[in-house]
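Student: First, the structure itself, so that you have it in front of you.
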Amino acid sequence: RDRVLGPGVLLLAGRARATAPGLIAQIQAIAHAAPFRRMTTQGGRTMSVAMTNCGTLGWISDSRGYRYTTHDPLTGLPWPALPDIFIALATEAAAEAGYPGFTPDACLINRYEPGTRLTLHQDRNERDFGQPIVSVSLGLPAVFLWGGPARSDRVQRVPLDHGDIVVWGGPARLAHHGIHPLAEGTHALTGRARLNLTFRRAG
Ligand code: MD3
Ligand code: FE
């Protein structure tokens, strides 16, 4: 089931299934301290994805643009710590993909409901693009849109299901990517939602 999707991209299909209930319990605890919120963009739009973070750094967007912060602007508190089970999952997946030195300092947590989408973008706020991003999909399935380094590059559709882990590194690190509007549905563990964790070395 594990397969290379392209240069620098390893899919570990269903790898997080066994730990999913524990991951979801941790997400609930994190969201209690740092609530999910829909952030605004520099252009004044409200994102349809609800987000929160854990780790020493958290990704935010507001009227001043995109960046990482040490504190949650909503509460004024430091972002909640990365749970040990998050660190273990991300470092093991990265090591399997050929990044034995990967230690995440940031985890962006995205929550999608049916109809929610994420438009094509690049992740460029991290310091070292030599470090991969590890993503974990939980709950409702999604169609991932995967393009190239230029916005005009052809876009592939990749289904992402509950428990799938994908490691994005090397030439894939600066690919444009997004999520197609989520289809209607309910999942036994997340209800009417998809949760996505992205582990990053931001600082
Ligand atoms: C490929 N999240 O948080 S995860 C994001 O499902 C983001 O919530 C999507 O894009 C989600 O920024 C996709 C897979 C992913 C994440 C980051 C990447 C793929 C990536 C960065 C570079 C290349
Ligand atoms: Fe992204």
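Just so we're aligned: the sequence shown equals residues 24 to 226 in UniProt numbering. Ideal placement from N, C-alpha and C gives every residue a C-beta, glycine not left out. Please read these numbers as outputs of a predicted model, since none were measured by experiment.
So if I measure from each beta-carbon to every heavy atom of the ligand GTP and keep distances below 6 Å, which residues remain?
Tutor: Of the ligands this structure carries, namely the ligand MD3 and the ligand FE, none is the ligand GTP.
Student: When you compare only the Cα positions, how much space is there between G53 and L105?
Tutor: Looking up residue 53 in the sequence shown gives position 30. Looking up residue 105 in the sequence shown gives position 82. Residue identity differs from the one stated: residue 53 is Ile in this sequence, not Gly. Here the C-alpha atom of I53 lies approximately 9 Å from the C-alpha atom of L105.
Student: Name the residue from L218, G37, T63 whose alpha carbon lies nearest to the alpha carbon of G88.
Tutor: Counting from one through the sequence shown, the residue named residue 88 turns up at place 65. The option with the nearest alpha carbon to G88 is T63.
Student: Kindly list the residues whose CB is nearer than 6 Å to the CB of P137, restricted to its own chain and excluding five residues on each side of it in sequence; keep chain order.
Tutor: Residue mapping note: residue 137 aligns to position 114 of the sequence shown, counting from 1. Correct list, in chain order: L205, E207.
Student: With a 10 Å radius around its C-beta and 16 neighbouring C-beta atoms as the bar for buried, classify D187 as buried or exposed.
Tutor: The count along the sequence shown starts at 1 and reaches residue 187 at position 164. So D187 ends up on the buried side.
Student: Locate the beta strand (DSSP E) running through T63, then write down its first and last residues.
Tutor: As a position in the sequence shown, residue 63 is number 40, starting the count at 1. Unbroken run through T63: none, as it is neither H nor E.
Student: Can you give me the Cβ contacts of L97 inside the same chain, cut-off strictly under 8 Å, excluding the 5 residues immediately before and after it?
Tutor: Residue 97 sits at position 74 when you count from the first residue of the sequence shown. The answer, listed in chain order, is A57, P58, R60.
Student: Quick check: the Cα distance between D25 and G162, rounded to an integer number of angstroms?
Tutor: Residue mapping note: residue 25 aligns to position 2 of the sequence shown, counting from 1. Residue mapping note: residue 162 aligns to position 139 of the sequence shown, counting from 1. For D25 and G162, the distance between alpha carbons rounds to 19 Å.
Student: Taking C-beta to C-beta, are V181 and A120 nearer than 8 Å?
Tutor: Locating residue 181 in the sequence shown gives position 158, where the first residue counts as 1. Locating residue 120 in the sequence shown gives position 97, where the first residue counts as 1. Their beta carbons are not under 8 Å apart, which means V181 does not touch A120 by this criterion.
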